[in-house]
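Undergrad:
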Amino acid sequence: MVDRKEYDVLVIGGGPAGLAAALSASGTGARVGLIEREECLGGILKQCVHDGFGLVRFGQMLSGPEYARRFIDLVEGSDIAVHLETFVHAARRLASAGGGYVLECVSRDEGVFEAYAPALVLATGCRERSDRQVFIHGDRPAGVLTAGLAQHLVNIEGVLPGRRAVILGSGDIGLIMARRLTLEGMEVEGVYELKAEPSGLSRNLQQCLSDFGIPLHLLMTVVEIHGKRRVEAVTAARVDLRGSVIAGSERLVECDTLVLSVGLIPENELALSLGLGLDPSTKGPKVDQGGGAGEGIFVCGNALHVNDLVDYVSESGEAAGRDAAGHALSIGAAGGTAAPGRRVAVKAGPGFLYAVPQFIDLSRPGPAVIYFRVNSTLREGARVSLSAAGETLLGKRYPALRPPEMERLEIDPGRVPEGCDSLWLELERKEADLG
Amino acid sequence: MAETRRFVCIVCPRGCALEVDVDVDVAGEGKAVLALRGNACARGEVYGRSEIVDPRRSLTSTVRVANGKRRRLPVRSTGTIPLPRLREAARALDGIVVEGPLACGTVIAVDFLGLGVDIVATDQLERGM
Ligand SMILES: Cc1cc2nc3c(=O)[nH]c(=O)nc-3n(C[C@H](O)[C@H](O)[C@H](O)COP(=O)(O)OP(=O)(O)OC[C@H]3O[C@@H](n4cnc5c(N)ncnc54)[C@H](O)[C@@H]3O)c2cc1C
Ligand code: SF4
Chain A
0 MVDRKEYDVL VIGGGPAGLA AALSASGTGA RVGLIEREEC LGGILKQCVH DGFGLVRFGQ
60 MLSGPEYARR FIDLVEGSDI AVHLETFVHA ARRLASAGGG YVLECVSRDE GVFEAYAPAL
120 VLATGCRERS DRQVFIHGDR PAGVLTAGLA QHLVNIEGVL PGRRAVILGS GDIGLIMARR
180 LTLEGMEVEG VYELKAEPSG LSRNLQQCLS DFGIPLHLLM TVVEIHGKRR VEAVTAARVD
240 LRGSVIAGSE RLVECDTLVL SVGLIPENEL ALSLGLGLDP STKGPKVDQG GGAGEGIFVC
300 GNALHVNDLV DYVSESGEAA GRDAAGHALS IGAAGGTAAP GRRVAVKAGP GFLYAVPQFI
360 DLSRPGPAVI YFRVNSTLRE GARVSLSAAG ETLLGKRYPA LRPPEMERLE IDPGRVPEGC
420 DSLWLELERK EADLG
Chain B
0 MAETRRFVCI VCPRGCALEV DVDVDVAGEG KAVLALRGNA CARGEVYGRS EIVDPRRSLT
60 STVRVANGKR RRLPVRSTGT IPLPRLREAA RALDGIVVEG PLACGTVIAV DFLGLGVDIV
120 ATDQLERGM
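Chain order of the listed sequences is A and B. Note that numbering that gives the first Met the number 0 numbers the first sequence so that position 341 is 340, with each residue one more than the last. Note that numbering that gives the first Met the number 0 numbers the second sequence so that position 29 is 28, with each residue one more than the last.
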């Protein structure tokens with residue numbers, strides 16, 4: 000018989016989302032188990048040695064490890080059971096009354112064990128898109144790596160990946176790595192972006208590229224990698240607005256390293272194995288304002304949708320932990336059933352990439368946070384409003400909205416009128432942006 | 000001669016687009032700030048002005064760990080360093096080696112390169128194993 004550990008709430012993933020979820024669940028009195036496959040807590044923050052974390056939450060510019068440390072210290076001072084170097088390789092739902100979940104775990108110290116809880120929090124983060132998902136001709140010699148791997152090599156292992164790098168994609172991690180590699184003595188030839196607009200934050204374009212005179216080539220991509228054992232050069236080319244390569248625009252760029260910063264995708268293998276459907280626009284499960292995906296599963300952080308600010312990751316973890324604990328404790332009290340409240344759908348109108356959560360549970364007290372991204376840059380300011388059955392519930396003006404920058408709105412569920420089944424998020428552009 | 004410089008405020012994630020009217024002297028070096036627009040808060044004003052006269056950045060990096068299972072310890076400068084000296088400062092960190100155990104916030108180098116800032120650890124190091 001495999002050893003089975005029982006908790007009220009099980010959190011998978013010890014990054015900022017999982018840390019916040021475990022703390023808020025534990026704060027309500029729930030027994031919490033936190034499972035992390037790596038040697039230490041902190042998730043991706045361990046390798047983010049740059050600063051810029053925690054401005055919203057702490058009003059300070061912290062480095063990734065400093066931000067994580069504030070939560071790790073609280074976890075270590077609590078009675079949360081932390082299982083490190085433990086990988087959850089399968090999860091299943093119990094069919095018996097009350098349901099709940101059993102996780103099959105493999106741990107370095109504890110061997111093979113099972114963990115049970117009526118509520119599950121998925122805080123598994125995201126993974127990077129790699130060269131297999133990007134179309135580039137040529138061999139795959141040494142020297143082709145993702146920005147996150149480059150960051151791990153430099154910041155954790157203390158190894159430089161090469162001498163002269165080309166960066167493909169203008170995502171934030173790529174920009175941060177352009178600066179990091181430059182400061183460590185590598186030459187960064189340039190950043191190539193397929194789209195007409197950079198995908199990273201403006202402040203990162205300034206402090207990671209402009210500060211060091213690193214050129215950003217918009218509407219350009221890498222079409223071929225040269226070199227047998229090690230990258231010797233890449234072919235870069237111009238593309239049109241539809242992303243098609245413009246014939247004759249190719250040029251050879253000598254380099255020994257190609258860093259890919261072409262996007263992140265929520266990590267949801269466990270969610271899929273538990274039968275949760277994914278929202279095609281966020282690539283994460285569909286949830287309510289507490290990350291509830293139904294039947295006692297809660298999702299938060301980058302597993303839900305890719306966040307640019309860790310402060311909001313922690314916020315979503317807190318909501319998920321609180322609601323997961325509420326679910327577990329109400330099941331205990333009700334002897335097996337937790338009644339779902341009335342839900343309304345949140346729908347994003349034209350001009351948005353997505354809105355999260357996809358539902359709001361009206362029975363839940365306290366304000367619900369709606370996070371959203373627009374699909375094109377609005378420089379002159381725009382008003383975002385939330386309406387129900389033709390009635391505007393609230394509106395907020397933003398000085399500028401850009402696709403890389405996630406924004407948020409808060410709504411009091413008590414203000415949603417009786418009888419309506421969806422809320423619409425709408426964008427009112429100023430005249431200047433219409434042209 | 001006056002000219003307008005446009006750049007992004009990097010003080011917070013909002014990233015306001017600043018416009019600064021600068022009185023440029025004969026040598027072409029921006030010296031006096033005439034007007035500043037686009038900042039949503041007072042910190043942006045301070046940043047925008049100093050960016051013209053004396054651009055500065057904080058430095059974050061890692062240093063080598065001599066013992067223990069971790070190879071690198073993340074560090075930062077306690078204040079800002081003149082931008083033109085950032086690379087030199089980052090290279091100089093290569094010469095620093097630390098040993099655990101060590102608490103987050105421990106000063107690793109005092110008045111680093113005479114720049115008036117200290118270098119501190121931004122994570123803790125457990126005892127070497
Ligand atoms: C390179 C980079 C730079 C960034 N820069 C900034 C910045 O400057 N400012 C800012 O505010 N934000 C920044 N962010 C964003 C923010 O830090 C991240 O969005 C946030 O850390 C994500 O937290 P998370 O907990 O959702 O995921 P993660 O930190 O990725 O944590 C997920 C954890 O789950 C574990 N896990 C996954 N699957 C399993 C399993 N099956 N079993 C056990 N454990 C598992 C993983 O090991 C990992 O520790 C950056 C992000 C990245 C990637
Ligand atoms: S001006 Fe103020 S609000 Fe705008 S980016 Fe700078 S610090 Fe942030």
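We treat Cβ as the ideally placed atom computed from N, Cα and C, and that holds for glycine.
Tell me whether residue 166 (chain A) sits in a helix, a strand or coil according to DSSP, three-state version.
TA: strand
Undergrad: What are the boundary residues of the alpha helix (DSSP H) that residue 151 (chain A) is part of?
TA: 146-151
Undergrad: Using only Cβ atoms and a threshold of 5 Å, which residues come within that distance of a heavy atom of ligand 2? Order them by chain position.
TA: B:8, B:10, B:11, B:13, B:15, B:38, B:39, B:40, B:42 and B:43
Undergrad: Run through DSSP, which three-state label would residue 99 (chain A) get?
TA: coil
Undergrad: Under 9 Å, do residue 178 (chain A) and residue 150 (chain A) count as touching if we go by C-beta distance?
TA: The Cβ atoms of residue 178 (chain A) and residue 150 (chain A) lie no closer than 9 Å to each other.
Undergrad: Please list, in chain order, all residues of the same chain as residue 47 (chain B) whose beta carbon is under 7 Å from its beta carbon, the five residues on each side excluded.
TA: 8, 17, 19, 35 and 38
Undergrad: Could you check the C-alpha separation between residue 70 (chain B) and residue 61 (chain B) for me, to the nearest Å?
TA: 10 Å
Undergrad: Roughly how many whole angstroms lie between the Cα atoms of residue 270 (chain A) and residue 279 (chain A)?
TA: 14 Å
Undergrad: What residue range does the alpha helix (DSSP H) around residue 176 (chain A) cover?
TA: 171-182
Undergrad: Which residues of chain B have a Cβ atom closer than 7 Å to the Cβ of residue 205 (chain A), listed in chain order?
TA: 6, 7 and 9
Undergrad: In angstroms with no decimal places, state the Cα-to-Cα distance between residue 274 (chain A) and residue 71 (chain A).
TA: Residue 274 (chain A) and residue 71 (chain A): Cα-Cα distance of roughly 31 Å.
Undergrad: What residue range is occupied by the uninterrupted alpha helix (DSSP H) comprising residue 263 (chain A)?
TA: Run containing residue 263 (chain A): none in the alpha helix (DSSP H); it sits in the beta strand (DSSP E), 263-265.
Undergrad: Show which residues of chain A have a CB atom less than 7 Å away from the CB atom of residue 14 (chain B).
TA: 200, 201 and 202
Undergrad: Beta carbons nearer than 7 Å to chain B: which residues of the segment 222-248 of chain A have them?
TA: The segment 222-248 of chain A vs chain B, Cβ under 7 Å: nothing.
Undergrad: Since residue 226 (chain A) and residue 122 (chain A) should fall inside the 8 Å C-beta cutoff, what is the C-beta to C-beta distance between them, to a whole number of angstroms?
TA: Not quite, the Cβ-Cβ distance comes to about 39 Å (not below 8 Å), so this is no contact.
Undergrad: For residue 237 (chain A), collect the residues of the same chain with a Cβ closer than 7 Å to its Cβ; drop the 5 residues on either side in sequence, then sort them by chain order.
TA: Around residue 237 (chain A): 218, 219, 245 and 248.
Undergrad: Mind the definition here: the segment 70-89 of chain A touches the segment 48-57 of chain A only if three or more C-beta pairs lie below 8 Å; say whether that holds.
TA: At 8 Å Cβ cutoff, the stretches do not touch.
Undergrad: How about residue 428 (chain A): is its C-beta nearer than 9 Å to some C-beta of chain B?
TA: So, not an interface residue.
Undergrad: Rounding to the nearest angstrom, what Cα-Cα distance links residue 2 (chain A) and residue 120 (chain B) in this structure?
TA: The alpha-carbon separation between residue 2 (chain A) and residue 120 (chain B) amounts to approximately 40 Å.
Undergrad: Between the Cα of residue 223 (chain A) and those of A:215, A:213, A:235 and A:229, spot the shortest distance and give me the residue it belongs to.
TA: The shortest C-alpha to C-alpha distance from residue 223 (chain A) to any of A:215, A:213, A:235 and A:229 is the one to A:235.
Undergrad: Using the Cα positions of residue 139 (chain A) and residue 153 (chain A), report the straight-line distance between them to the nearest angstrom.
TA: 21 Å
Undergrad: Rounded C-beta distance between residue 124 (chain A) and residue 262 (chain A)? I'm assuming under 8 Å.
TA: The Cβ separation is near 14 Å, so there is no contact.
Undergrad: DSSP three-state call for residue 50 (chain A): helix, strand or coil?
TA: strand
Undergrad: Please confirm if residue 183 (chain A) has its CB atom under 9 Å from at least one CB of chain B.
TA: yes
Undergrad: To the nearest angstrom, how far is the alpha carbon of residue 99 (chain B) from that of residue 110 (chain B)?
TA: A direct Cα-to-Cα measurement between residue 99 (chain B) and residue 110 (chain B) gives close to 22 Å.
Undergrad: Identify whether residue 225 (chain A) lies in helix, strand or coil by the three-state DSSP scheme.
TA: strand
Undergrad: Can you tell me whether residue 1 (chain B) is buried or exposed? The criterion is at least 16 other CB atoms within 10 Å of its CB, across all chains shown.
TA: Flag for residue 1 (chain B) reads exposed.
Undergrad: Can you list, in chain order, the residues of its chain with a C-beta nearer than 6 Å to that of residue 324 (chain A)? Leave out the 5 residues immediately preceding and following it.
TA: Cβ neighbours of residue 324 (chain A) beyond the five flanking positions: 8, 24, 27 and 29.
Undergrad: How should residue 285 (chain A) be labelled, buried or exposed, when 16 other C-beta atoms within 10 angstroms of its C-beta is the threshold for buried?
TA: buried
Undergrad: List, in chain order, every chain B residue whose beta-carbon is nearer than 8 Å to that of residue 157 (chain A).
TA: 61, 63, 70 and 71
Undergrad: Looking only at C-alpha atoms, which of A:342, A:295, A:354 and A:127 sits nearest to residue 101 (chain A)?
TA: A:295
Undergrad: Does residue 88 (chain A) pass the burial test, meaning 16 or more other C-beta atoms within 10 Å, or should it be called exposed?
TA: exposed
Undergrad: Is the separation between the beta-carbon of residue 297 (chain A) and that of residue 331 (chain A) shorter than 9 Å?
TA: no
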